[in-house]
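Participant:
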Amino acid sequence: MSRIEDLLENFSRGNVRSLSRLISLVENDPESRDYILSKIFKNVGTGYRIGITGPPGAGKSTLVDNLASKLHDLGKRVSIIAVDPSSPFTGGALLGDRYRMYESMKRGIFIRSLASRGSLGGLSESTVAVADLLDAFGSEIIIIETVGVGQSELDIMNASDTVVVTLVPESGDSIQAMKAGLMEIADIFVINKFDREGAKKFEMELRTVLSMSNSKKDWKPPVIRTVATRGEGIDELIEAIFRHYEYLKEKGILARKRRERIKREITESIKEKLWNKYFMSSRWRDLIDRCVDNVISGKETPFSVVDKILKEI
Ligand SMILES: Nc1nc2c(ncn2[C@@H]2O[C@H](COP(=O)(O)OP(=O)(O)OP(=O)(O)O)[C@@H](O)[C@H]2O)c(=O)[nH]1
Ligand SMILES: [Mg+2]
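Numbering (our numbering), first residue to last: 266 to 578.
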């Protein structure tokens, strides 16, 4: 553990390289992750987490770059997590995002690309853990970019305080966005690439869809027009984000979200530990295989089998 202790010591002094190394450990090694998180957790809690999601190529990274730079220039301590579901290697994602996030890089904003993996405790959990680290490191605002492709919605919602859904005119129909489940999770809509043809028509469609929603929430997601490549609309977006933050705080939702996040971290960790403890051994795998045989041959049902297995534990 002494290496980790050194890293933690340097981390607490604000050493960025130690932060990077700790993130790698948190990402790759569950045991170190738990130890590291338990050491830093007392400093977690004030970082405000903004999720930016939307279809591939919508301009999310360009938008994040603008947003982070502006927030930085306003005197906020900002950091960025970019989750790339397409690539199993961080290298590719890193280069792409580094290139797109030039302004942020220039300002020394901390950018970390994470490859999402299908491992136990995959995307959501390690993303939350990395955000916790950045939070403890002193980031006031943590921006998390993910591609919204129909499965990650819940993850991004759970990981963020405010969700910004980025759409583009050429994604054509807002119907597509609804199908992807993006509509329900949006606190703020951005129509990026507003310089493109059909932008106004798309905005009208989106507003129509939104006006038909019978959401009982008293927060009505605003629709912001942006041209990320020219930095247009970023001030309006920041204004909307701050407004949502105030709303969350005022209604006690921010505190509730933190509570839920901690609860999820606890339950997920219990699930993982129980699973590893009981079900990773060959003895249990064999037992489960035999149970499956019994279900298939009609001697048992999946449910009777579960009861039996739990009793054995
Ligand atoms: N015309 C126009 N192009 C834009 C705008 N914003 C971004 N782009 C371009 O759209 C392309 C994709 O931008 P990215 O920022 O990489 O988009 P992304 O959503 O992060 O992409 P992935 O992470 O790969 O899903 C780039 O070529 C950008 O220059 C905009 O407002 N208008
Ligand atoms: Mg991107």
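Just so you know, even glycine gets a beta-carbon here, dropped at the ideal spot from N, CA and C. Note that the structure is predicted; figures quoted are calculated from it, not measured.
Name the residue from L287, R278 and S277 whose alpha carbon lies nearest to the alpha carbon of I269.
Facilitator: It is L287.
Participant: Is the stretch 546-563 in contact with the stretch 339-347, if contact means three or more CB pairs nearer than 8 Å?
Facilitator: With the cut-off at 8 Å, the stretch 546-563 and the stretch 339-347 do not touch.
Participant: In the DSSP assignment, the alpha helix (DSSP H) including L432 goes from what residue to what residue?
Facilitator: Unbroken run through L432 is the beta strand (DSSP E), T427 to L432; no alpha helix (DSSP H).
Participant: Compute the beta-carbon to beta-carbon distance between G496 and A396, rounded to the nearest angstrom, for a pair I have assumed lies under 8 Å.
Facilitator: Actually they are not in contact, since the Cβ atoms of G496 and A396 sit about 26 Å apart, beyond 8 Å.
Participant: What is the DSSP secondary structure of R298, counted as helix, strand or coil?
Facilitator: DSSP places R298 in helix when its eight states are reduced to three.
Participant: Would S334 be called buried (16 or more neighbouring beta carbons within 10 Å of its own) or exposed?
Facilitator: Under this definition S334 is a buried residue.
Participant: Could you tell me whether the stretch 451-462 touches the stretch 324-331, where touching means 3 or more Cβ pairs closer than 8 Å?
Facilitator: Counting Cβ pairs under 8 Å, three or more are found: they touch.
Participant: Could you say which of L284, F568 and I531 lies nearest to R377 if we only look at CA atoms?
Facilitator: When each option's Cα is compared against that of R377, the closest is L284.
Participant: Roughly how far, in whole angstroms, is the beta-carbon of T431 from the beta-carbon of G563, given that I think they are within contact range, below 8 Å?
Facilitator: Not really, about 51 Å apart at Cβ, beyond 8 Å.
Participant: Taking the alpha carbon of E533 as the point to measure from, which residue in A394, L336 and K341 has its own alpha carbon closest?
Facilitator: Of the listed residues, the one whose Cα sits closest to E533 is A394.
Participant: Measuring CB atoms only, is the stretch 416-430 touching the stretch 507-521, in the sense that at least three cross pairs come out at less than 8 Å?
Facilitator: Short answer: they touch.
Participant: Does F375 come out as helix, strand or coil in the three-state DSSP assignment?
Facilitator: Of the three classes helix, strand and coil, the one that applies to F375 here is strand, per DSSP.
Participant: Please name the residue, chosen from W484, I535 and K528, that lies closest to K516 on a Cα-to-Cα basis.
Facilitator: Residue W484 is the option with its Cα nearest to K516.
Participant: Given 6 Å as the limit, tell me if K458 has its C-beta closer than that to any heavy atom belonging to ligand 1.
Facilitator: Yes, since a heavy atom of ligand 1 falls inside the 6 Å radius drawn around the Cβ of K458.
Participant: Between which residues of its own chain and L446 is the CB-CB distance below 6 Å, once the five residues before and five after are set aside?
Facilitator: As written in the sequence, residue 446 is Gly, which differs from the Leu given in the question. Within the same chain, G446 has close Cβ partners E418.
Participant: With distances taken between CB atoms, is the gap from S277 to R342 smaller than 7 Å?
Facilitator: No. Outside cutoff.
Participant: Enumerate, from N- to C-terminal direction, the unbroken alpha helix (DSSP H) stretches of 4 or more residues contained entirely within the stretch 453-481.
Facilitator: 464-477, all fully within the stretch 453-481.
Participant: Thinking C-beta only, is I407 closer than 7 Å to L399?
Facilitator: Yes; because the gap between Cβ atoms is below 7 Å, this pair is in contact.
Participant: State the Cα-Cα distance for the pair E501 and I453, rounded to the nearest angstrom.
Facilitator: Distance between the alpha carbons of E501 and I453: 11 Å.
Participant: From the DSSP output, read off the bridge partner residues of Y543.
Facilitator: None, per the DSSP bridge assignment.
Participant: Any heavy atom of ligand 1 closer than 6 Å to the CB of R490?
Facilitator: No, the beta carbon of R490 sits no closer than 6 Å to any heavy atom of ligand 1.
Participant: Within the continuous beta strand (DSSP E) that includes R282, where are the two ends?
Facilitator: Premise fails: R282 lies in the alpha helix (DSSP H), V281 to N293, not in any beta strand (DSSP E).
Participant: Rounded C-beta distance between R523 and G310? I'm assuming under 8 Å.
Facilitator: Sure, about 7 Å apart at Cβ, within 8 Å.
Participant: At a cut-off of 6 Å, is K325 close to ligand 1 when judged by its beta-carbon and the heavy atoms of the ligand?
Facilitator: For ligand 1, at least one heavy atom lies less than 6 Å from the Cβ of K325.
Participant: Taking a contact to mean a Cβ-Cβ separation below 7 Å, would you say A505 touches I489 in this structure?
Facilitator: It is a contact, given that the beta carbons lie within the stated cut-off.
Participant: Hey, I301 and L290 are a contact pair by Cβ (cut 8 Å); roughly how many whole angstroms apart?
Facilitator: Sure, about 6 Å apart at Cβ, within 8 Å.
Participant: Suppose you measure from the CA of K536 to the CA of D299; what does that come to, to the nearest Å?
Facilitator: C-alpha separation (whole angstroms): 14 Å.
Participant: Within its chain, find whatever has a CB closer than 8 Å to the CB of T318; leave out the 5 residues flanking it on each side and keep chain order.
Facilitator: Excluding positions up to five away in sequence, the list reads K325, E410, T411, V412, G413, S417, E418, I421, V428, V429, V430, T431, L447 and I450.
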